[in-house]
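So the sequence shown is residues 6 to 254, counted in our numbering.
Here's the structure we're looking at; comments come further down.
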Amino acid sequence: MLELITYNYYHNEVFTTDFKLFCKLYKWHIGLYSLLALRKKICAFVFGMIGIALLIFIKPILYGLVFIDLSLLFINIHIREITKAIKFNEAGLKTPAQKRAYQIEGFIRRFISINGKALGPKEWKAIKEYDIDLYNNLLSNECNHCCYYYSLEIARIIRDSTLMWGAIEEPFKDGHKYYAHAVILRNGYIYDSNMRQSIKYEDFAKFYKFKLYKQWNYDEYSQEDFRKLQRAEFRKWCEDNNVLDYEKF
6 MLELITYNYY
16 HNEVFTTDFK
26 LFCKLYKWHI
36 GLYSLLALRK
46 KICAFVFGMI
56 GIALLIFIKP
66 ILYGLVFIDL
76 SLLFINIHIR
86 EITKAIKFNE
96 AGLKTPAQKR
106 AYQIEGFIRR
116 FISINGKALG
126 PKEWKAIKEY
136 DIDLYNNLLS
146 NECNHCCYYY
156 SLEIARIIRD
166 STLMWGAIEE
176 PFKDGHKYYA
186 HAVILRNGYI
196 YDSNMRQSIK
206 YEDFAKFYKF
216 KLYKQWNYDE
226 YSQEDFRKLQ
236 RAEFRKWCED
246 NNVLDYEKF
């Protein structure tokens, strides 16, 4: 269902030749919130279908009318919420319902992150014991667009990780533009701190048309001032390959 919702909402917003893979990779990142935002509409549909079925097959019709009334109630709440959202969002605010949706989304995505193939419960426990603030940041939006920092922090704790720097093609921008990106590879899966989830390496490389700059093991990336030592050469590689947004590396 999440992949279908992602397709319906974003098929005109993404510049990719593999939209099926996009829906697979982004179902938790964007499809989940879209589903939660539709929860009242979905309830209205479900109660409506139950009501119609009861009116046709069950007597007395009172049971069916109750569910029809519930359906109409949820439709009314949904319409009122849309009207309120327009006013709130224009002012840069979120409605209480939107805030609840974000909270539910955060809880579910936290569970997905912790139970990934690249980083599982054992690894997340190690991260939590090492640095509780890092643990909380990695499981929230705080880590978004800071892959250069968080991928290295994760790798230094989970020592059998491979640190990878390179560039990915941005699916939300036209023109096949590449942006600098850092991830870790473990057990054949990428952990992307921006997406906060594990992704099969083959899917990651195929969808983002991943250009690998270099990869390192623990003995290499654990050295002091690792990023500082790699910075000049990586920036030159980015310039030579028309890669954007590499300045923070």
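The beta carbon of each residue, even a glycine, is placed where N, CA and C say it ideally should be.
None of these values were measured; they are calculated from a predicted model.
In the displayed model, ALA172 falls within a strand according to three-state DSSP. Per the DSSP secondary-structure output, ILE195 pairs in a beta bridge with LEU190, ILE204. Scanning its chain for C-beta atoms nearer than 7 angstroms, with the 5 sequence neighbours on each side dropped, one finds around SER76 the residues ALA49, PHE52, GLY53, GLY56, in chain order. For the 9 angstroms CB-CB criterion, LEU157 and PHE231 form a contact. For TRP221, no alpha helix (DSSP H) encloses it; the enclosing beta strand (DSSP E) starts and ends at 216-221. Counting other Cβ atoms within 10 Å of its Cβ, GLN235 reaches 16 or more and is therefore classed as buried. Taking 4 residues as the minimum length, the alpha helix (DSSP H) runs contained wholly in the stretch 98-130 are 101-119, in order along the chain. Per DSSP, the continuous alpha helix (DSSP H) segment holding LEU67 begins and ends at 67-95. When DSSP states are grouped into helix, strand and coil, VAL51 belongs to the helix group. Of ILE47, ASN247, THR100, the smallest CA-CA separation from LYS182 is found for ASN247. Setting aside the 5 residues that flank it on each side, ILE73 is surrounded in the same chain by PHE52, GLY53, GLY56, ILE57, LEU60, each with a C-beta closer than 8 angstroms to its C-beta; the list follows chain order. Note on LYS32: 16 or more other CB atoms within 10 angstroms of its CB, so buried under the neighbour-count rule. In terms of CA proximity to TYR218, LEU168 leads the group ARG115, PHE212, LEU168.
Residue PHE212 holds the alpha-carbon nearest to the alpha-carbon of PHE20 among PHE212, GLN202, GLN103, PHE116.
In this chain, the alpha helix (DSSP H) harbouring ILE10 covers 7-15.
Put simply, the backbone Cα of ASN192 is about 26 angstroms away from that of PHE239. Here LEU40 carries a helix assignment [DSSP, helix/strand/coil].
ALA123 is a Cβ neighbour of ILE189, given a cutoff of 9 angstroms. Between LYS127 and HIS83, the gap from beta carbon to beta carbon reaches 9 angstroms or more. Counting only residues of its own chain and dropping the five nearest sequence neighbours on each side, GLN220 has a CB closer than 8 angstroms to the CB of THR167, LEU168, MET169, TRP170, LEU190. Taking C-alpha positions only, ILE63 is separated from LEU78 by approximately 22 angstroms.
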